[in-house]
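K.L.:
Residue numbers (the UniProt record's numbering): 1 to 215. For reference, the structure I am asking about is given below.
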Amino acid sequence: MSVDDAIKKAENQESTNVVKMPIPFTMTQNGTIKANSLRNIGLILEQDDILKGTFAYNEFSFADEVIKSIPQLHIKCGYVEDNYISSILRYIEDKYGVLFTERLLHMAVSNDAQSNSYNPVKKYLEEAEKEWDGEQRVALLLPEFLGVEISEVTTLQTKIFFVGAVAKVFNPNSKFDYVLDLVGGQGVGKTTFLRKSQMVGIQTNSQTLRTKIVI
Numbered sequence: 001m002s003v004d005d006a007i008k009k010a011e012n013q014e015s016t017n018v019v020k021m022p023i024p025f026t027m028t029q030n031g032t033i034k035a036n037s038l039r040n041i042g043l044i045l046e047q048d049d050i051l052k053g054t055f056a057y058n059e060f061s062f063a064d065e066v067i068k069s070i071p072q073l074h075i076k077c078g079y080v081e082d083n084y085i086s087s088i089l090r091y092i093e094d095k096y097g098v099l100f101t102e103r104l105l106h107m108a109v110s111n112d113a114q115s116n117s118y119n120p121v122k123k124y125l126e127e128a129e130k131e132w133d134g135e136q137r138v139a140l141l142l143p144e145f146l147g148v149e150i151s152e153v154t155t156l157q158t159k160i161f162f163v164g165a166v167a168k169v170f171n172p173n174s175k176f177d178y179v180l181d182l183v184g185g186q187g188v189g190k191t192t193f194l195r196k197s198q199m200v201g202i203q204t205n206s207q208t209l210r211t212k213i214v215i
């Protein structure tokens with residue numbers, strides 16, 4: 001065996017002997033994982049192979065959400081359901097031999113989600129801006145969808161409404177005292193217009209993310 005081959009063999013052996021460090025739990029005097037510890041359950045949510053990256057805080061709906069499905073625990077993306085908590089507690093008890101309280105897990109989920117916050121509406125608008133072709137369509141929006149007469153007034157009303165919607169997303173404290181009042185009989189396209197303009201809900205998951213823009 002050449003020197004180079006010996007070096008490569010030694011490097012391969014060293015890499016296969018690397019042992020992943022365990023989670024640094026706070027332990028009891030008896031050497032068991034301390035159950036009454038927010039830190040311990042938080043470490044599990046952060047470092048467990050299955051649970052890490054599961055939760056996030058939705059800044060628009062002000063709610064903790066599941067952003068990663070876990071089929072083996074019957075957990076789906078969306079809002080944090082009560083049965084998810086019991087499934088996670090059972091999983092933790094089976095794997096780590098410690099049973100945390102529901103209250104402690106709720107607190108840990110909230111802390112974990114806060115460290116991974118996001119705003120789906122803001123993300124949608126930012127992505128839409130990147131894909132925009134630069135063509136101005138404000139003046140023709142209501143006329144094409146609802147048959148409104150083209151005029152400076154309707155153009156201004158449309159612009160105020162949509163600028164206000166975007167402003168409230170990026171700056172929730174911005175003042176917006178206007179309402180776009182769509183008057184017309186059933187079937188003229190009012191709801192369709194709002195859906196297509198994304199004012200009745202921005203959904204990346206039709207079953208779970210029930211976020212709506214309300215002005």
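Note that CB positions come from ideal geometry on N, CA and C, so glycine has one too. Predicted, not measured: the structure shown is a model, and the values here were computed from it.
1) Starting from Glu65, follow the beta strand (DSSP E) in both directions and report where the run begins and ends.
2) Can you grab the Cα-Cα spacing for the pair residue 278 / Phe145, in whole Å?
3) So, are the CB atoms of Leu180 and Phe161 less than 7 Å apart?
4) Can you check whether the CB of Gly53 is closer than 7 Å to the CB of Lys68?
5) Would you give the residue range spanned by the alpha helix (DSSP H) that Tyr91 belongs to?
6) Between Phe25 and Val166, what straight-line distance do the alpha-carbon atoms span, to the nearest angstrom?
7) Could you check if Asp94 is buried or exposed, using at least 16 other CB atoms within 10 Å of its CB as the buried criterion?
8) Going by DSSP, name the residue or residues bridged to Tyr118.
9) Where does Thr101 land, buried or exposed, given buried means 16+ other C-beta within 10 angstroms?
10) Reducing DSSP to helix, strand and coil, say where Ile44 ends up.
11) Taking the alpha helix (DSSP H) that Glu152 belongs to, which residues open and close that run?
12) Buried or exposed for Ala113, please, with buried defined as at least 16 other CB atoms from any protein chain shown within 10 angstroms of its CB.
P.N.:
Answer, in terms of the structure:
1) Residue numbering aside, residue 65 sits at position 65 when the sequence shown is read from its first letter. Segment 63-66, the beta strand (DSSP E) holding Glu65.
2) The question about residue 278 has no answer, for the chain in this structure spans 1 to 215.
3) In the sequence shown, counting from the first residue as 1, residue 180 sits at position 180. In the sequence shown, counting from the first residue as 1, residue 161 sits at position 161. Yes, these two residues count as a Cβ contact at 7 Å.
4) Position 68 of the sequence shown, counted from the start, is the residue given in the question as residue 68. Position 53 of the sequence shown, counted from the start, is the residue given in the question as residue 53. Yes, they are a contact pair.
5) Stepping through the sequence shown from its first residue, residue 91 is reached at position 91. Note, Tyr91: alpha helix (DSSP H), 82-96.
6) Looking up residue 25 in the sequence shown gives position 25. Looking up residue 166 in the sequence shown gives position 166. Distance between the alpha carbons of Phe25 and Val166: 45 Å.
7) For this step, residue 94 is matched to residue 94 along the sequence shown. Its Cβ having fewer than 16 others within 10 Å, Asp94 is exposed.
8) Position 118 of the sequence shown, counted from the first residue, corresponds to residue 118. Tyr118 is bridged by DSSP to Asn58.
9) By 1-based counting over the sequence shown, the position of residue 101 is 101. It is exposed - the Cβ of Thr101 has fewer than 16 other Cβ atoms within 10 Å.
10) As a first step, residue 44 must be located in the sequence shown, where it is residue number 44. Three-state DSSP puts Ile44 in a helix.
11) Your numbering for residue 152 matches position 152 in the sequence shown. Note, Glu152: alpha helix (DSSP H), 152-170.
12) Within the sequence shown, residue 113 is the residue found at index 113, counting from 1. Note on Ala113: 16 or more other CB atoms within 10 angstroms of its CB, so buried under the neighbour-count rule.
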